[in-house]
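J.: In the numbering used here, the protein residues as written are 272 to 375.
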DNA sequence: CCGTTGACCAGGC
DNA sequence: GGCCTGGCCAACG
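(1) Which whole-angstrom value is the C-beta distance of residue 294 and residue 362, which I expect to be below 8 Å?
(2) With distances taken between CB atoms, is the gap from residue 311 to residue 330 smaller than 8 Å?
(3) What does a CB cutoff of less than 7 Å around residue 371 pick up in its chain, not counting 5 residues either side in sequence?
(4) Using three-state DSSP, classify residue 378 as helix, strand or coil.
(5) Would you tell me roughly how many angstroms separate the C-alpha atoms of residue 290 and residue 328, rounded to the nearest one?
(6) Do residue 293 and the ligand GTP come close, with the Cβ less than 7 Å from some heavy atom?
(7) Can you name the residues that DSSP bridges to residue 341?
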């Protein structure tokens with residue numbers, strides 16, 4: 272993993288490894304691939320593949336959903352979709368935050 | 001080339 | 001419990 276494009280692939284690979292009913296955080300991924308947390312979000316927002324990778328399984332360390340962008344879409348509805356998809360996967364919620372017991 | 005930006009994080013108040 | 005600050009580091013204009 273030297274190329275920056277490989278970095279993207281690493282992040283997506285991690286998303287695929289998330290078990291059903293679980294979510295992960297930007298910070299955990301960042302540590303895993305060795306980059307800063309901000310860049311994780313940047314990767315997902317600019318180069319995500321919503322049909323192939325569960326980018327919606329990534330939330331903030333405090334359990335809040337953070338953001339959710341699809342193909343440059345910045346509508347407030349997308350964040351609602353993110354929450355619904357997490358629920359469909361069996362991730363437990365505590366009000367508007369992901370239950371920490373559902374984090375990996 | 002340099003300043004700003006960002007799907008963040010941890011710490012302090 | 002919420003808001004502010006500093007730090008992080010690649011990408012963008």
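Where is the CB? At the ideal position from N, CA and C, for every residue including glycine.
As the structure is a computational prediction, the values presented were derived from the model and not from experiment.
T.: For this structure:
(1) 5 Å
(2) no
(3) 334
(4) The chain is shown from 272 up to 375; residue 378 falls before or after that span and cannot be answered.
(5) 10 Å
(6) No copy of the ligand GTP occurs in the structure displayed, which carries no ligand at all.
(7) 344
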